[in-house]
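This note's numbering numbers the first residue of the sequence shown as 10 and each following residue consecutively.
No residue lacks a Cβ here, since even glycine has one placed at the ideal position from N, Cα and C.
Heads up: the structure comes next, in structure tokens.
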Amino acid sequence: MRIGQLSGAVETPWAAMPQQPPTPEPAVSPVPMWHRAVPNRPERPPLVWLVGVHGGAGVSSLAASLSWAGDAGQRWPARIGLAADMDSPLVVLVGRSHLHGVNALHRALLAHQARGTPVGSQVVGVLTVADAARPLPIPVAQRREEMEGLALALGARTWRLGWLEQWRSLEPYELAAWDPAAGGSPIDDGDPTRTPPQPVRLLAEQILTAARTAGARITEQARRGAESAGPQT
């Protein structure tokens, strides 16, 4: 199902994006990219891609829990915009809350700032996923604050997902998917194979809202670009 078919959703915006002019060579090494369409269910093109900045970030479980998000692994979609068979330019970066994960998120943001990411990519936000049920060590918490400050400076949102004990005993394909058109009842909240845990549902609502806003902004920019490129009278 395309996101435009969901209640209140915006139309997929990237098919109307204009061609981007060449950009200067990035000052940093380019991020890992998909140089073909990201493998995905063809009947359900994602609105936003979840990109893990390191192995074990939790992208597969998250993508399985969000019906409108795609699992891009550890590579950025590069065939974005331009046509209906290309991928969404919207990205959420995902990393664990340990020092390695936070540093990897910071490096990915620096690469995006330095144009080392695919042209047209839009970082909707960054998500840190708890690596344990315990509080972060103070130095790691401070480093996360720095990373999130950079994300906000780049116009991205920041989210944190706490430890989910239920997920430890389940494969991603066993997890229930959150759909904005579906509701959950208190009866099935305790079974993650039937309903995503409440923290996941709350996170999903926030990411979906941010992605729709970013998509609407891209649509408006494309419309204005098309109007300005039209015949002059």
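Problem set entry | For P54, three-class secondary structure by DSSP | Three-state DSSP puts P54 in coil, outside helix and strand.
Exercise. Just to confirm, are G125 and V40 a CB contact at a threshold of 9 Å?
Worked result: Against a cut-off of 9 Å, the Cβ pair of V40 and G125 comes out as a contact.
For this session: Kindly list the residues whose CB is nearer than 6 Å to the CB of V47, restricted to its own chain and excluding five residues on each side of it in sequence; keep chain order.
Result: Excluding the 5 residues flanking it on each side, V47 has same chain C-beta neighbours closer than 6 Å at A81, P86, D96, in chain order.
Exercise. In terms of alpha-carbon separation, which member of Y182, P54, A160, Q215 lies closest to L68?
Worked result: It should be pointed out that residue 68 corresponds to Val in this sequence rather than to Leu. Among Y182, P54, A160, Q215, the Cα nearest to that of V68 is on Y182.
Exercise. By how many angstroms is the C-alpha of V101 removed from the C-alpha of L173?
Worked result: In this structure, the CA atom of L173 is about 20 Å from the CA atom of V101.
Exercise. Would you say T202 and L179 are within 9 Å of each other, going by their C-beta atoms?
Worked result: Yes, these two residues count as a Cβ contact at 9 Å.
Exercise. Along the chain, where does the alpha helix (DSSP H) that runs through V111 open and close?
Worked result: 108 to 122 is the extent of the alpha helix (DSSP H) around V111.
Exercise. What residue does the beta strand (DSSP E) around Q131 start on, and which one ends it?
Worked result: Start and end: 131 to 138.
Problem set entry | Same chain, Cβ closer than 8 Å to V133, neighbours up to 5 away in sequence not counted | Excluding residues within five positions, the ones whose Cβ falls inside 8 Å are V57, L99, V100, V101, A165, R166, I216, A219, A220, A223.
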